[in-house]
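One line per chain: the protein sequences are C and P, in this order. Under numbering that gives the first Met the number 0, think of the first position of the first sequence as 0, with each following residue one higher. Under numbering that gives the first Met the number 0, think of the first position of the second sequence as 0, with each following residue one higher. Each remark here refers to the structure printed beneath this line.
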Amino acid sequence: MSLVDDLVAALGADRVKAHPLELRVYDKDAGVARGPVAAVALPESTAEVVACVKAARTWGVPIVARGAGTGLAGGAVPTEPALIVALTRMNTIHEVDLENRTAWVGPGVINLDLSAHTTPMGFHYAPDPSSQSVCTIGGNVGTNAGGPHCLAEGTTVAHILAVEMVTVDGEIVELGGPAPDPIGLDLRAVVVGSEGTMGLVTRVLVKLTPNAPDVRTLLLAYPTIEGAAETVSQTIAAGIIPAALEIMDRPMVQAVENFVHAGYPTESAAVLLAEVTGHPAAVTAEAGQIERIALQAGTTEVRSAVDAAERDLLWLGRKSAFGAVAQSAPDYYLHDTVVPRTRLVETMTRLYEIADRFEISMLNVFHAGDGNLHPLVAFDGRDEGARERVMEAAEEMVRVSLEVGGSLSGEHGIGLEKRDLMADVFSPIDLDAQARLRDAFDPDGALNPGKILPHGSRCYDFGMQPPLSQEPAL
Amino acid sequence: MGWITGAAPTQAQLDACVTCGLCLPHCPTYRATGDEAASPRGRLTAMAAIADGIAEVDETFAEMMSFCLQCRACETACPSLVPFGRAMEGARAEIAAQLPGRRRSARRWLVGSAIANPTLVGAASFGAAVAQRIGVGRSGAGTIGKVRGLRRLPLRSSSTRGKSWPARGVPRGTVALLSGCVQDPWFAEVHEATISVLRAGGFDVVAPPTQACCGALAAHDGAVAQTRALAAANVAAFDGFEYVVTDAAGCGAHLKEYGHWAEGGDVLAARVVDVTELVAQLLDDGQLPEFGSRGQRVAVQDPCHLRHAQRITVAPRRVVAAAGFDVVDLDPSGRCCGAAGMYTITYPEMSESLGRAKADEIDRSGAAVVASANPGCEMQLRSYADEAVRIVHPIELYAAALQGRD
Numbered sequence: 000m001s002l003v004d005d006l007v008a009a010l011g012a013d014r015v016k017a018h019p020l021e022l023r024v025y026d027k028d029a030g031v032a033r034g035p036v037a038a039v040a041l042p043e044s045t046a047e048v049v050a051c052v053k054a055a056r057t058w059g060v061p062i063v064a065r066g067a068g069t070g071l072a073g074g075a076v077p078t079e080p081a082l083i084v085a086l087t088r089m090n091t092i093h094e095v096d097l098e099n100r101t102a103w104v105g106p107g108v109i110n111l112d113l114s115a116h117t118t119p120m121g122f123h124y125a126p127d128p129s130s131q132s133v134c135t136i137g138g139n140v141g142t143n144a145g146g147p148h149c150l151a152e153g154t155t156v157a158h159i160l161a162v163e164m165v166t167v168d169g170e171i172v173e174l175g176g177p178a179p180d181p182i183g184l185d186l187r188a189v190v191v192g193s194e195g196t197m198g199l200v201t202r203v204l205v206k207l208t209p210n211a212p213d214v215r216t217l218l219l220a221y222p223t224i225e226g227a228a229e230t231v232s233q234t235i236a237a238g239i240i241p242a243a244l245e246i247m248d249r250p251m252v253q254a255v256e257n258f259v260h261a262g263y264p265t266e267s268a269a270v271l272l273a274e275v276t277g278h279p280a281a282v283t284a285e286a287g288q289i290e291r292i293a294l295q296a297g298t299t300e301v302r303s304a305v306d307a308a309e310r311d312l313l314w315l316g317r318k319s320a321f322g323a324v325a326q327s328a329p330d331y332y333l334h335d336t337v338v339p340r341t342r343l344v345e346t347m348t349r350l351y352e353i354a355d356r357f358e359i360s361m362l363n364v365f366h367a368g369d370g371n372l373h374p375l376v377a378f379d380g381r382d383e384g385a386r387e388r389v390m391e392a393a394e395e396m397v398r399v400s401l402e403v404g405g406s407l408s409g410e411h412g413i414g415l416e417k418r419d420l421m422a423d424v425f426s427p428i429d430l431d432a433q434a435r436l437r438d439a440f441d442p443d444g445a446l447n448p449g450k451i452l453p454h455g456s457r458c459y460d461f462g463m464q465p466p467l468s469q470e471p472a473l
Numbered sequence: 000m001g002w003i004t005g006a007a008p009t010q011a012q013l014d015a016c017v018t019c020g021l022c023l024p025h026c027p028t029y030r031a032t033g034d035e036a037a038s039p040r041g042r043l044t045a046m047a048a049i050a051d052g053i054a055e056v057d058e059t060f061a062e063m064m065s066f067c068l069q070c071r072a073c074e075t076a077c078p079s080l081v082p083f084g085r086a087m088e089g090a091r092a093e094i095a096a097q098l099p100g101r102r103r104s105a106r107r108w109l110v111g112s113a114i115a116n117p118t119l120v121g122a123a124s125f126g127a128a129v130a131q132r133i134g135v136g137r138s139g140a141g142t143i144g145k146v147r148g149l150r151r152l153p154l155r156s157s158s159t160r161g162k163s164w165p166a167r168g169v170p171r172g173t174v175a176l177l178s179g180c181v182q183d184p185w186f187a188e189v190h191e192a193t194i195s196v197l198r199a200g201g202f203d204v205v206a207p208p209t210q211a212c213c214g215a216l217a218a219h220d221g222a223v224a225q226t227r228a229l230a231a232a233n234v235a236a237f238d239g240f241e242y243v244v245t246d247a248a249g250c251g252a253h254l255k256e257y258g259h260w261a262e263g264g265d266v267l268a269a270r271v272v273d274v275t276e277l278v279a280q281l282l283d284d285g286q287l288p289e290f291g292s293r294g295q296r297v298a299v300q301d302p303c304h305l306r307h308a309q310r311i312t313v314a315p316r317r318v319v320a321a322a323g324f325d326v327v328d329l330d331p332s333g334r335c336c337g338a339a340g341m342y343t344i345t346y347p348e349m350s351e352s353l354g355r356a357k358a359d360e361i362d363r364s365g366a367a368v369v370a371s372a373n374p375g376c377e378m379q380l381r382s383y384a385d386e387a388v389r390i391v392h393p394i395e396l397y398a399a400a401l402q403g404r405d
């Protein structure tokens, strides 16, 4: 008998993968790290997830939950040979409750499918990561995903009311409930963003948001990136909270335009996408105000999407940005940091300086409204030393963000990528507290081990943590 | 062992993928299975593993590649512009070379040679036409053996090959018609409609006698030598024409990639047009009349090799609307119907589930007529849609309107 035999007995042979080539396709997400995979299981029900957890525990194999594999921080990439539980087949929208504006959905439901399902009913699911056409609600819960429209609506944690979860012992628990403000400790909020280290989420109760009665999407072009950033700061300072404020720099705009052909101005230094939603009168007033601010900040082109098709095309461009860089190089490394809005320009200048110094090609696209930067470095991993140079520059870029008062991760999660930088942000006491919380859910460290918290996070075992059996090759 | 043939996926093709995953939801097999190994990104990862020498071309690899419908919906969705269809043809060529015994030789012969032989196709079509009349087959006259959704075949088929038809009025140019392999005997009415509309639009139409089957099925199956031979024959046969018109989307998509298959192929490729493209142009130029709405709805089904491979979506709708019908889109409009060349035979279950899903879309659209610009899709739709639904090529609707018929 073996782990694979047990899984096959529970799920059937077609939903268990063990051939090296099949494991290979599951050993990474959309980022750059790869990790070792022992087996892959594709359960279809909570009961099957329980069976997967029990089988893995019996054979002492760690468990890594996976959605669509669009993560960029290695959250679903194992650090030691693990059972990957891919939850993509649990993609049923179980129940939509329009009166209470909620829905129970499977973790494998694709973010955009949920909105497509509820939009005709007058509602949508608000968090919209760039990968929303692909990524799953379960994955969004794991990383506390954000997205352009989280500026006004808040990130995933603000939209999850309850989760059903299989614990490391194979028990089924429900955390949270239909009430927006649960009684007692808010364990639901602990699970959101825990990257599968607390349990495997098998059902999610999400909040549905009413569709805006009116939408206006503005494309603003600038001769300098400072002008775009200035518009963002002044807009927020004027008391407007647009639905989204997104900046792309020239290299990014060029890559994107080459794919979508939406008429993006490819000669401008920066493009700002601003979207306002709400009552038609308010939308008109706010759009007008943003336009005036933009003109003062030196915009050279103001374009308003004339219809839904043009708006969709502009957003398709923005949301395809990461993939589009492959036109310039086969690999990319994408950052995800947050800086105070007021220090956007200064941070950008320092990032460009780092890119120049390391001689790397950097493209920029970011959620300017909440200061969430995504500097993106395009490189060819086969060039001698390229990967190392990129990673070295990456670390400097993150440290710059921290220096100006920013944070490690805006929305991609900590995963593997930022794990060892956690100590730069948190004191040993903070880390110990987080490690203890995690231990309360998973005392043996069987769930996505080696993620989020750096080694030695626990004060009591400081220095006694065994090294990772296999460091992922970056 | 890695790749062993010159037809293998190139490093540039594989490097173009940054594994962002934006292709996944557009892939019918990923949608159905949720399995990364059945996704475009997974398939490219597997190809890269072969190229990097960390995996072998074995049965698992072959199965992963064969399960792909080659619908190329992933290409439309890909911001990195990965030429997935080309990479997949390369992978299939490697499988054919490295695992020669894997496929039944009968099938290889069928797609590589028999289908390209008009005499054999003609004989088989006659047999099928007889069978339809004496009621052989599983269910209904449209089914012969494993082939479903046929039109009623003529007992005496007359090939278009080697014939020509003069323009009505003053000729504005000459176009060549791709007769095709099965299009000629099985979809004769589509050719008739194409020819009559092009003549009305002022073109002399010629079907060169030495033309061959386009070779799309052979290319999809990894039969490299046959694909090259067919491409070379067509490059010679179609030399010098202003346009080469096809009324089968799968053929058009393949002809437009001849640059990869034959010397001078790019010259031919640049002159290939789908009949709906050319007719839409003639409508825009006022060379063909438009008919007012008669209040009848027609659902337009987008063949993958028109929508994704050739990026043509407006033209067929334009042609249907010009024929006086109200165009309805199917939702989702870009999903493969499951026909996919030989896929109905190689993966009947997946093909059937996609076929049934498409039939449900047609049902929801409420249209009594569906226009599809590809013969494979047409047969698949006819197999699964309600019997009352008429499946036609868009050009047939326009030709009928032009002749004052319904």
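Yeah, the Cβ is synthetic: ideal placement off N, Cα and C, and Gly gets one too.
The DSSP assignment places complete alpha helix (DSSP H) segments of no fewer than 4 residues inside the segment 318 to 372 of chain P at 342 to 345 and 347 to 364, in order along the chain.
Under the DSSP definition of a beta bridge, P:VAL196 lacks any partner. Chain-ordered, the chain C residues with CB closer than 8 Å to the CB of P:PHE60 read LEU20.
P:ALA338 counts as buried, since at least 16 other C-beta atoms from the protein chains shown sit within 10 angstroms of its C-beta.
In this structure, P:ARG306 is the residue among P:LEU229, P:ARG306 and P:ALA95 with its C-alpha nearest to the C-alpha of P:SER332. In the DSSP assignment, C:ILE235 falls within the alpha helix (DSSP H) that extends over 224 to 236.
Chain order gives the chain P residues near C:PHE321 as VAL17, CYS19, LEU21 and PRO78, where near means a beta carbon separation below 9 Å.
Here the segment 208 to 228 of chain P does not lie against the segment 273 to 292 of chain P, with fewer than 3 beta-carbon pairs under 8 Å apart. For P:ALA192, the closest of P:MET341, P:HIS304 and P:ASP246 by C-alpha to C-alpha distance is P:ASP246. When secondary structure is reduced to three states using DSSP, C:VAL376 falls in the strand class. C:PRO209 has C:PHE122 as its beta-bridge partners, per DSSP. Membership of P:ARG296 in the beta strand (DSSP E) is indicated by the continuous run 295 to 300. If you keep only unbroken beta strand (DSSP E) runs of at least 3 residues inside the segment 315 to 379 of chain C, you get 330 to 333, 360 to 366 and 374 to 378. Close partners of P:ALA54 in chain C (Cβ separation under 8 Å): PRO19, LEU20 and ARG23. Here C:ASN99 is exposed. Its C-beta has fewer than 16 other C-beta atoms within 10 Å.
The beta carbons of P:PRO153 and P:ALA128 sit about 6 Å from each other, so the pair counts as a contact at 8 Å. Just so you know, the alpha carbons of C:LEU272 and P:ALA356 end up roughly 37 Å apart.
The beta carbon of P:TYR383 lies closer than 7 Å to those of GLY354, ARG355, LYS357 and ALA358 in the same chain, with the five residues before and after it left out.
Taken in chain order, the complete alpha helix (DSSP H) segments of 4 residues or longer contained in the segment 35 to 59 of chain P are 39 to 50. Closer than 8 Å to the CB of P:GLY221 there is not a single CB belonging to chain C.
When the five nearest sequence neighbours on each side are left out, the beta carbons in the same chain lying within less than 8 Å of the beta carbon of P:GLN402 are those of SER195, in order along the chain.
Straight through space, the alpha carbons of C:PRO212 and C:THR283 are spaced by roughly 12 Å. Nearest Cα to P:GLY258 within the set P:PRO315, P:ARG227 and P:ARG317: P:ARG227. At a cut-off of 8 Å, the C-beta of P:PRO24 has a neighbouring C-beta in chain C.
Interface with chain C (8 Å Cβ-Cβ cutoff): P:ASP34 is included.
Cβ-Cβ distances below 7 Å link P:CYS73 to CYS22, HIS25, CYS26, PRO39 and PHE83 in the same chain, with the five nearest sequence neighbours on each side left out; the list follows chain order.
Looking at the backbone, the Cα of P:GLY33 and that of C:ARG356 are separated by about 43 Å.
Taking all protein chains shown into account, C:THR135 has 16 or more neighbouring C-beta atoms within 10 Å of its C-beta and is therefore buried. Listed as beta-bridge partners of C:TYR221 by DSSP are C:ALA269. Taking 8 Å as the cut-off, the beta carbon of C:THR298 is found closer than this to the beta carbon of C:LEU219. Under the 8 Å criterion on CB atoms, P:GLY375 is classed as non-interfacial with respect to chain C. Among the CB atoms of chain P, none fall inside 8 Å of the CB of C:ILE239. Distance from the CA atom of P:LEU119 to the CA atom of P:GLY126, rounded to whole angstroms, is 11 Å. Residue contact check for C:LEU41 against chain P: a CB pair falls below 8 Å. For C:ASP180 and C:LEU420, the gap between their C-alpha atoms comes out near 33 Å. A distance below 6 Å between beta-carbons, with the five flanking residues on each side excluded, links C:LYS16 to the following residues of its chain, in chain order: VAL39.
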